[in-house]
Structures are given as C-alpha cells and as structure tokens.
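Here's the structure we're looking at; comments come further down.
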Amino acid sequence: EAGVTQFPSHSVIEKGQTVTLRCDPISGHDNLYWYRRVMGKEIKFLLHFVKESKQDESGMPNNRFLAERTGGTYSTLKVQPAELEDSGVYFCASTPQYTDTQYFGPGTRLTVL
Amino acid sequence: GEDVEQSLFLSVREGDSSVINCTYTDSSSTYLYWYKQEPGAGLQLLTYIFSNMDMKQDQRLTVLLNKKDKHLSLRIADTQTGDSAIYFCAREYSNASKIIFGSGTRLSIQP
Numbered sequence: 001e002a003g004v005t006q007f008p009s010h011s012v013i014e015k016g017q018t019v020t021l022r023c024d025p026i027s028g029h030d031n032l033y034w035y036r037r038v039m040g041k042e043i044k045f046l047l048h049f050v051k052e053s054k055q056d057e058s059g060m061p062n063n064r065f066l067a068e069r070t071g072g073t074y075s076t077l078k079v080q081p082a083e084l085e086d087s088g089v090y091f092c093a094s095t096p097q098y099t100d101t102q103y104f105g106p107g108t109r110l111t112v113l
Numbered sequence: 001g002e003d004v005e006q007s008l009f010l011s012v013r014e015g016d017s018s019v020i021n022c023t024y025t026d027s028s029s030t031y032l033y034w035y036k037q038e039p040g041a042g043l044q045l046l047t048y049i050f051s052n053m054d055m056k057q058d059q060r061l062t063v064l065l066n067k068k069d070k071h072l073s074l075r076i077a078d079t080q081t082g083d084s085a086i087y088f089c090a091r092e093y094s095n096a097s098k099i100i101f102g103s104g105t106r107l108s109i110q111p
C-alpha cells in the first residue's frame with residue numbers, strides 16, 4: 001500500500017510568487033492534516049480536513065494560505081503571495097477515520113528567496 | 001514557554017545508550033509519541049505510550065512517562081549509526097484533531 005505522498009519535494013521561489021503544494025493521502029483515509037516546520041523549530045499544525053470539509057484550520061498563519069481538498073481525496077496548499085518567513089518544510093499526514101495514528105509524508109521543503 | 005520542550009542536540013558514542021528527554025505542559029493527552037525523521041525522509045512514528053502507562057519497551061527502545069513531572073523520555077540502547085536522526089516528542093490534542101510537537105532533538109552518533 002502506498003504511503004502519503006507529497007509533491008514537489010523541493011520548491012524554491014521568489015518572494016511574491018505563488019506556490020502550490022500537493023498531498024496525496026493514503027487511499028481511504030478521510031482525515032488529512034497539514035503541518036509545517038519553520039527554521040528548525042517545532043512542527044506546527046496548520047489544518048485538518050475530514051473528507052472535503054475543514055474540521056480545524058486554527059493553525060493557518062494568515063490569509064495568504066489556502067488549503068483545499070476537493071472531492072475528499074488529495075489536498076493542495078497554496079501560498080500566495082509567498083513571503084520569506086514561509087520558508088520551511090510542509091508535512092502532510094493522513095489517518096483513517098476515528099484513529100489516532102497519523103501517517104506522515106516526506107514533506108515539501110519550501111525556500112522563499 | 002512552548003507546550004512540548006526538548007533539547008536540540010544530543011551526541012553519543014556508538015554502542016552507548018541514548019536518552020532523549022521531553023517535558024510538556026498539558027497533561028490531557030491520551031497518547032504521547034516519539035517520531036523519528038531521518039535525513040531526507042518523512043516523519044516516522046517510532047513508538048507511543050498511553051498516558052496511563054509508566055513504561056513501554058520495544059526491542060532497543062524504552063519509553064518512560066512520569067505524569068507527575070510531565071516528563072517523557074526515550075532511551076535507545078546500543079545506539080547505532082542508523083539511529084542518527086531528529087527525534088520529535090509529541091502529544092495528541094483532542095481526539096486526533098492534531099498533534100503537538102516539540103522542536104526535535106538531533107541525535108549524532110560518534111564512532
């Protein structure tokens with residue numbers, strides 16, 4: 001069974017540009033989470049989808065970040081316009097319904113110059 | 001301070017035991033976790049412990065939980081070069097809605 005996959009693995013963009021990160025959860029996992037780790041600090045929660053609905057988006061830093069999960073399968077996280085402080089590693093995780101084990105993807109390393 | 005705290009670096013000699021410590025402020029979690037991130041790889045769930053347990057052992061790994069002091073530790077026996085990684089202490093928050101992580105401890109192995 002394939003694990004959580006993320007694309008791209010690395011992205012380097014200039015300040016002011018737009019970047020879209022993609023996460024494909026494990027097939028059948030209704031719960032999908034986005035996290036990010038900035039500058040070697042702690043990994044912080046961004047938001048949680050249950051199927052296509054946003055269950056909790058309390059961790060989204062500001063309105064430059066837009067997450068979608070149309071159809072309840074893969075999810076995208078768009079940053080527009082990107083700022084320097086958005087640099088970091090963005091992780092995606094998924095779980096089956098009503099379980100606590102989150103399976104993480106390899107992350108997307110975003111560098112904003 | 002941060003909810004989950006851990007030291008940033010640990011260096012041990014190959015074959016010695018490694019002990020990574022973590023403290024947390026909120027004791028409401030049912031599960032506490034240790035995740036491992038190897039270079040270039042994603043987060044791997046290494047082990048977890050229920051909050052009603054004091055200890056869990058799994059081969060070379062021993063997790064100790066002191067609920068009174070809100071202290072969690074991970075001991076790796078006979079540390080090998082393949083154990084080089086960043087280890088994240090974490091706790092669940094409110095019925096799997098999210099996980100609260102520490103900053104990670106980078107474990108380096110000296111020959």
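Chain order of the listed sequences is A and B.
Everything in the first sequence is counted per my numbering, starting at 1 for the first residue and increasing by one.
Everything in the second sequence is counted per my numbering, starting at 1 for the first residue and increasing by one.
From the three backbone atoms N, C-alpha and C, an ideal C-beta is built for every residue, glycine too.
Worksheet entry | C-beta contact flag for Leu21 (chain A) and Tyr90 (chain A) at 8 Å | Numbered from 1 along the first sequence, position 21 holds the residue referred to as residue 21 (chain A). Numbered from 1 along the first sequence, position 90 holds the residue referred to as residue 90 (chain A). Cβ atoms of Leu21 (chain A) and Tyr90 (chain A): closer than 8 Å.
Worksheet item: Would Ser27 (chain B) count as contacting chain A if we go by Cβ distances under 8 Å?
Response: As a working note, residue 27 (chain B) is residue 27 in the second sequence. No Cβ of chain A is located within less than 8 Å of the beta carbon of Ser27 (chain B).
Worksheet item: Considering only residues of the same chain and omitting the five flanking positions on each side of Met39 (chain A), which have a CB-CB separation below 8 Å?
Response: Translated into the one-based positions of the first sequence, residue 39 (chain A) becomes position 39. Its chain contains Ser87, Gly88 as the residues whose beta carbon lies nearer than 8 Å to that of Met39 (chain A), once the 5 sequence neighbours on both sides are disregarded; these appear in chain order.
Fill in: Straight-line gap, Thr18 (chain A) to His71 (chain B) (C-alpha atoms, nearest Å)
Along the first sequence, read from residue 1 onward, the residue named residue 18 (chain A) stands at position 18. Along the second sequence, read from residue 1 onward, the residue named residue 71 (chain B) stands at position 71. About 42 Å.
Worksheet entry | Spatial distance of Glu14 (chain B) from Thr81 (chain B) (CA atoms) | Your numbering for residue 14 (chain B) matches position 14 in the second sequence. Your numbering for residue 81 (chain B) matches position 81 in the second sequence. Their Cα atoms are separated by approximately 7 Å.
Fill in: beta strand (DSSP E) segment containing Ser97 (chain B), residue limits
Along the second sequence, read from residue 1 onward, the residue named residue 97 (chain B) stands at position 97. Run containing Ser97 (chain B): none; DSSP gives neither H nor E here.
Worksheet item: Is the CB-CB distance between Leu32 (chain B) and Arg106 (chain B) below 8 Å?
Response: Indexing the second sequence from 1 puts residue 32 (chain B) at position 32. Indexing the second sequence from 1 puts residue 106 (chain B) at position 106. Judged by their CB atoms, Leu32 (chain B) and Arg106 (chain B) are not nearer to each other than the 8 Å cut-off.
Practice prompt. Count the C-beta pairs between the segment 85–103 of chain B and the segment 30–44 of chain B that are closer than 8 Å, then say yes if the count reaches three, no if not.
Written response: With a cut-off of 8 Å, the segment 30–44 of chain B and the segment 85–103 of chain B count as touching, because enough Cβ pairs lie within range.
Worksheet item: Taking the continuous beta strand (DSSP E) assigned at Glu5 (chain B), which residues delimit it?
Response: The sequence position of residue 5 (chain B) within the second sequence is 5, counting from 1. Per DSSP, Glu5 (chain B) belongs to the beta strand (DSSP E) from 4–6.
Practice prompt. Quick one: give me the first and last residue of the beta strand (DSSP E) that Lys36 (chain B) is part of.
Written response: Walking along the second sequence from the start, residue 36 (chain B) turns up at place 36. Note, Lys36 (chain B): beta strand (DSSP E), 31–37.
Practice prompt. Compare the C-beta of His48 (chain A) with all C-beta atoms of chain B and state if any pair is closer than 8 Å.
Written response: Your numbering for residue 48 (chain A) matches position 48 in the first sequence. Yes, because at least one Cβ of chain B sits closer than 8 Å to the Cβ of His48 (chain A).
Discussion item. For a cutoff of 8 Å on Cβ pairs, would you count Lys54 (chain A) as touching chain C?
Written reply: Going by chain labels, chain C is absent from the structure shown, which instead holds the protein chains A and B.
Item to complete: Assuming Pro96 (chain A) and His29 (chain A) form a contact by the criterion Cβ under 8 Å, report the distance between their Cβ atoms to the nearest whole angstrom.
Response: Translated into positions along the first sequence, residue 96 (chain A) becomes position 96. Translated into positions along the first sequence, residue 29 (chain A) becomes position 29. Right, the Cβ-Cβ distance comes to about 5 Å (below 8 Å), so this counts as a contact.
Practice prompt. Report yes if the C-beta distance between Thr70 (chain A) and Glu42 (chain A) is below 8 Å; otherwise report no.
Written response: Stepping through the first sequence from its first residue, residue 70 (chain A) is reached at position 70. Stepping through the first sequence from its first residue, residue 42 (chain A) is reached at position 42. No.
Practice prompt. Using the DSSP secondary-structure output, state which residues sit across from Gln57 (chain B) in a beta bridge.
Written response: Counting from 1 along the second sequence, the entry for residue 57 (chain B) is found at position 57. Per DSSP, B:Thr62.
Practice prompt. Identify the contact partners of Tyr121 (chain A) in chain B, using a Cβ-Cβ distance below 7 Å as the criterion.
Written response: It is not possible to answer for residue 121 (chain A), since the shown part of chain A is limited to 1 through 113.
Fill in: Contact set between the segment 16–41 of chain A and chain B, restricted to residues whose Cβ is under 9 Å from the partner
For the segment 16–41 of chain A, the set of positions with a beta-carbon nearer than 9 Å to some beta-carbon of chain B reads Asn31, Tyr33, Tyr35, Arg37, Gly40, Lys41 in chain order.
Discussion item. With a threshold of 8 Å between beta carbons, is Ser73 (chain B) in contact with chain A?
Written reply: Counted from its first residue, the second sequence places residue 73 (chain B) at position 73. Under the Cβ criterion of 8 Å, Ser73 (chain B) is not counted among the residues facing chain A.
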